[in-house]
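See below for the structure under consideration.
2 protein chains.
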Amino acid sequence: MNYFEELLAKQMPTEEERKKLAEISSAIQFKINALCKSENINASCIEVGSVSKNTNLKSSDIDMFITFDKTYPVDFIEKKGLEIGHSVLENGTEKYAEHPYVSGYVSGIKVDIVPAFRINAGERIVSTVDRTPLHTVYVNSNTDEKMIHDIRLLKVFLKRINVYGSEIAKSGFSGYLCELLIIHFKSFEEFIKYMASLRGKLIIPEGSDRKFTEPVIIIDPVDPSRNAGAAVSEENLSRLKLASKIYMTKRFDILEHAGENKPGRGTAIRIFTLRKPDIIDDIIYPQAIRLKNRLWDILEDNGFIPIASEISVNDNIEILIECKLEELPGVEIHKGPPVESGEAIKFIDVWNGNPRLMRGPYILNNRVYVDIKAKNRNMEEIIREELKNSDIGKNLNGYKDEIKIITETENMGFDVENRFYSRYLF
Amino acid sequence: MNYFEELLAKQMPTEEERKKLAEISSAIQFKINALCKSENINASCIEVGSVSKNTNLKSSDIDMFITFDKTYPVDFIEKKGLEIGHSVLENGTEKYAEHPYVSGYVSGIKVDIVPAFRINAGERIVSTVDRTPLHTVYVNSNTDEKMIHDIRLLKVFLKRINVYGSEIAKSGFSGYLCELLIIHFKSFEEFIKYMASLRGKLIIPEGSDRKFTEPVIIIDPVDPSRNAGAAVSEENLSRLKLASKIYMTKRFDILEHAGENKPGRGTAIRIFTLRKPDIIDDIIYPQAIRLKNRLWDILEDNGFIPIASEISVNDNIEILIECKLEELPGVEIHKGPPVESGEAIKFIDVWNGNPRLMRGPYILNNRVYVDIKAKNRNMEEIIREELKNSDIGKNLNGYKDEIKIITETENMGFDVENRFYSRYLF
Numbered sequence: 039m040n041y042f043e044e045l046l047a048k049q050m051p052t053e054e055e056r057k058k059l060a061e062i063s064s065a066i067q068f069k070i071n072a073l074c075k076s077e078n079i080n081a082s083c084i085e086v087g088s089v090s091k092n093t094n095l096k097s098s099d100i101d102m103f104i105t106f107d108k109t110y111p112v113d114f115i116e117k118k119g120l121e122i123g124h125s126v127l128e129n130g131t132e133k134y135a136e137h138p139y140v141s142g143y144v145s146g147i148k149v150d151i152v153p154a155f156r157i158n159a160g161e162r163i164v165s166t167v168d169r170t171p172l173h174t175v176y177v178n179s180n181t182d183e184k185m186i187h188d189i190r191l192l193k194v195f196l197k198r199i200n201v202y203g204s205e206i207a208k209s210g211f212s213g214y215l216c217e218l219l220i221i222h223f224k225s226f227e228e229f230i231k232y233m234a235s236l237r238g239k240l241i242i243p244e245g246s247d248r249k250f251t252e253p254v255i256i257i258d259p260v261d262p263s264r265n266a267g268a269a270v271s272e273e274n275l276s277r278l279k280l281a282s283k284i285y286m287t288k289r290f291d292i293l294e295h296a297g298e299n300k301p302g303r304g305t306a307i308r309i310f311t312l313r314k315p316d317i318i319d320d321i322i323y324p325q326a327i328r329l330k331n332r333l334w335d336i337l338e339d340n341g342f343i344p345i346a347s348e349i350s351v352n353d354n355i356e357i358l359i360e361c362k363l364e365e366l367p368g369v370e371i372h373k374g375p376p377v378e379s380g381e382a383i384k385f386i387d388v389w390n391g392n393p394r395l396m397r398g399p400y401i402l403n404n405r406v407y408v409d410i411k412a413k414n415r416n417m418e419e420i421i422r423e424e425l426k427n428s429d430i431g432k433n434l435n436g437y438k439d440e441i442k443i444i445t446e447t448e449n450m451g452f453d454v455e456n457r458f459y460s461r462y463l464f
Numbered sequence: 039m040n041y042f043e044e045l046l047a048k049q050m051p052t053e054e055e056r057k058k059l060a061e062i063s064s065a066i067q068f069k070i071n072a073l074c075k076s077e078n079i080n081a082s083c084i085e086v087g088s089v090s091k092n093t094n095l096k097s098s099d100i101d102m103f104i105t106f107d108k109t110y111p112v113d114f115i116e117k118k119g120l121e122i123g124h125s126v127l128e129n130g131t132e133k134y135a136e137h138p139y140v141s142g143y144v145s146g147i148k149v150d151i152v153p154a155f156r157i158n159a160g161e162r163i164v165s166t167v168d169r170t171p172l173h174t175v176y177v178n179s180n181t182d183e184k185m186i187h188d189i190r191l192l193k194v195f196l197k198r199i200n201v202y203g204s205e206i207a208k209s210g211f212s213g214y215l216c217e218l219l220i221i222h223f224k225s226f227e228e229f230i231k232y233m234a235s236l237r238g239k240l241i242i243p244e245g246s247d248r249k250f251t252e253p254v255i256i257i258d259p260v261d262p263s264r265n266a267g268a269a270v271s272e273e274n275l276s277r278l279k280l281a282s283k284i285y286m287t288k289r290f291d292i293l294e295h296a297g298e299n300k301p302g303r304g305t306a307i308r309i310f311t312l313r314k315p316d317i318i319d320d321i322i323y324p325q326a327i328r329l330k331n332r333l334w335d336i337l338e339d340n341g342f343i344p345i346a347s348e349i350s351v352n353d354n355i356e357i358l359i360e361c362k363l364e365e366l367p368g369v370e371i372h373k374g375p376p377v378e379s380g381e382a383i384k385f386i387d388v389w390n391g392n393p394r395l396m397r398g399p400y401i402l403n404n405r406v407y408v409d410i411k412a413k414n415r416n417m418e419e420i421i422r423e424e425l426k427n428s429d430i431g432k433n434l435n436g437y438k439d440e441i442k443i444i445t446e447t448e449n450m451g452f453d454v455e456n457r458f459y460s461r462y463l464f
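Protein chains in written order, with the numbering used here: chain C, 39 to 464; chain G, 39 to 464.
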């Protein structure tokens, strides 16, 4: 049995788990359908997600949709959805995706009960969740037992190489993408063989990149206007390509390696931390990335020469940036106007006798230059100053003053440091 | 009287000097012509250079050409030229331009006696010096008294802004260029007015840039296949443009300023020195520039980030290069092949477990990377190592081991430091 079949064997739901999930599902469906009938609501319960497609791995959740007739107003289905959710899930808590929904536990199994509109293939959706029941129908009518096995195998494979999950912080492959890929390529082996020699983007079907620009373009069969692969980052596509090569050459030892972990790099490392606002990751993560990019740009524009970075978003947002320079040189080479321009003499007048002038004015090629004393050489002061006028995202702007800037002298145990130092291929 | 007229007044040859030069010239011409006649050589003496055109400034040399009939072989005119030179100039020394020639002093005036072939305008030259007598003829038949004055004024102007002289180390304007410019523009004022608003190259006549690529293109009227302005560098053209603006706006105070001179720049400055081989500057200077460029490239390729440089060629070649980094970071970010390539797994195998590995291998965008311990962080060692395999010019290659590398901590009094710190517009 090969490396990933062994991993899959450990992650296959047991017969006992399968039975338990089926019992819970049908009980919930029965209860919700009965409730709708008794209240004379045109809605029905449909199970979605991996369990409904039999592609689930161990310890999966149950996803239940209440699909309402399209004629109901949105606020009605949101209100009714929560009402029904709470009546089914004792101690359920309210969460929010596109609509509010109820999440809770039944006999230790996590269950989400989500309202949506009932639509047919090709009909216009109201919100993106309306599409989900169609995914279940599509997958169930296009897979056989061998493909179901290969979908699970692909999920295990992608988890192992750390590219499984479509949330923004992960930017990997969703379960539905795994299903589409196996349906398209017929088998895990065929897909991996294809990926091992793929150059450039992953595009399915071929030619569908006319409309989309992402690195992974996989047209959703139930809605051809949607790229089901939009969430996948270029790096995760790269990881999949490399892992596929590893699979084809049976070099599983490369997967078993871990990254090196050596501090003392002789560079200037700063760690920026701030408390994460109480907002879901898919909203905060892009803002944290934006903050990281802004810090990088400030350091680059000011000449500190950033060379590497890392980010960690847990209870705190932690950003690590490594620069070549600890402190700026005392002098800046300041490029003036071309000698031909009307500004040349003005520029000379500004600098001749100026207390900041270190050298010049002088001519280089066709321009006037001066070397001037650098205004501020301290990294922290420059960053504080420049952040004042930076937009770092709606939810983070209010926290600018709380950002701590820590000079790393040794590994101080921040999560972002662990991520940075132990970074490996997967 | 304006700023430059005042300068010219001080540099005009006196009536006494003029008489003395004329007497010496005619005596030499008489002697050489008599010698040629007595030996039945078909050659005659002709005075060239600024004195012959009445465009000389104070303390000028005398340039005498012996123009031989074109039917003589080159070795004959070289031998006869030296023979005649020595018989005219007691204690004369032999020098070498395109032919060997004799240089000496008569009543304290420096005199060169140079052999050449006698050609007519439009005839093919044997060596470039053959053209020189034609320049004298052309200038004398195209100038009047006012233009002669303006040529001298232009020379004084160009000297003042440090762009006079066509030797390679200077890369400025020759005396002949001054004559051509005044003949073309009719007056000093017209030329300066033109230069003050010129953008881009100086091209005379217009359209003649089809054949030449230099920043200054001035077709030689006695040989239209030659760019008489080829020696002028872009920087010196820029200096002339800026100085012309200064002239037009009467901002002579800018000329009177000197550059600032402040050490302590908080950067890494190295001074490279070596003894200058006993070879003429026009041959050594380009090689010194090449060495400077090679040092710059080594520092740049190795990440020290050079930001400024200076050169001085006197008894020694001195090169100063200023870098942002004193020492390299302990880590290098080493970019590997794209994950798609056949080299990706080889690259990973090279680095996994390698003692130099600091972090990774990891994936960034579509490539594999590793952070590795920098091999050598010391600037001097890196330069010594890289110079071994560098061609720094025929006459300097043998001196590589003699190059001293000095770490500047304060102004140490090298000429190149003085040039560097006091650098100004002109």
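The beta-carbon is built from N, C-alpha and C at its ideal position, and this holds for glycine as well.
Rounded to whole angstroms, what is the Cα-Cα separation between residue i and residue j?
| i | j | result |
| --- | --- | --- |
| Leu45 of chain C | Val194 of chain C | 7 angstroms |
| Ala412 of chain C | Ser460 of chain G | 19 angstroms |
| Arg457 of chain G | Leu275 of chain C | 55 angstroms |
| Pro259 of chain C | Ile221 of chain C | 11 angstroms |
| Arg313 of chain C | Asn414 of chain C | 28 angstroms |
| Phe229 of chain G | Leu236 of chain G | 10 angstroms |
| Glu183 of chain C | Tyr232 of chain C | 22 angstroms |
| Val408 of chain C | Pro375 of chain C | 11 angstroms |
Indicate the three-state DSSP secondary structure (helix, strand or coil) for residue i in the structure shown.
| i | result |
| --- | --- |
| Ala60 of chain G | helix |
| Met450 of chain C | coil |
| Met233 of chain G | helix |
| His295 of chain C | coil |
| His372 of chain C | strand |
| Met417 of chain C | helix |
| Ala72 of chain G | helix |
| Asn180 of chain G | helix |
| Leu240 of chain C | strand |
| Ala382 of chain G | helix |
| Ile125 of chain C | Residue identity check: residue 125 of chain C is Ser in the sequence provided, not Ile. Correct three-state label for Ser125 of chain C: helix. |
| Ile284 of chain C | helix |
| Ile66 of chain C | helix |
| Phe290 of chain G | coil |
| Pro171 of chain C | helix |
Using a Cβ cut-off of 8 angstroms (strictly closer), state whether residue i contacts chain C.
| i | result |
| --- | --- |
| Pro393 of chain G | no |
| Leu215 of chain G | no |
| Thr305 of chain G | yes |
| Tyr400 of chain G | yes |
| Lys279 of chain G | yes |
| Asn92 of chain G | no |
| Asn390 of chain G | yes |
With a threshold of 8 angstroms between beta-carbons, can residue i be considered close to chain G, or not?
| i | result |
| --- | --- |
| Ala346 of chain C | yes |
| Gly267 of chain C | no |
| Lys224 of chain C | no |
| Leu59 of chain C | no |
| Asn71 of chain C | no |
| Ile242 of chain C | no |
| Thr287 of chain C | yes |
| Arg397 of chain C | yes |
| Whole runs of the beta strand (DSSP E) within the segment 300-368 of chain C, excluding any shorter than 3 residues | 306-313, 344-351, 354-361
| Counting Cβ pairs closer than 8 angstroms, one from the segment 424-440 of chain G and one from the segment 314-330 of chain G, do we hit at least three? | yes
| request: Check whether the segment 95-110 of chain C touches the segment 51-64 of chain C, counting contact only when three or more Cβ pairs, one atom from each stretch, lie closer than 8 angstroms. | output: Touching, yes.
| request: Return the chain-ordered ranges of every beta strand (DSSP E) run that is complete within the segment 86-146 of chain C and spans a minimum of 3 residues. | output: Annotation note: the segment 86-146 of chain C contains the following uninterrupted beta strand (DSSP E) runs of length 3 or greater, listed N- to C-terminal: 100-106, 131-134, 138-144.
| field | Every unbroken alpha helix (DSSP H) inside the segment 386-438 of chain C [4 residues or more] | value | 417-426
| query | Per the contact definition of three or more C-beta pairs closer than 8 angstroms, is the segment 302-312 of chain C in contact with the segment 57-75 of chain C? | reply | These segments do not touch.
| field | contact_flag[the segment 100-119 of chain G, the segment 155-171 of chain G] where n(CB pairs < 8 angstroms) is 3 or more | value | Flag = yes, the segment 100-119 of chain G and the segment 155-171 of chain G touch.
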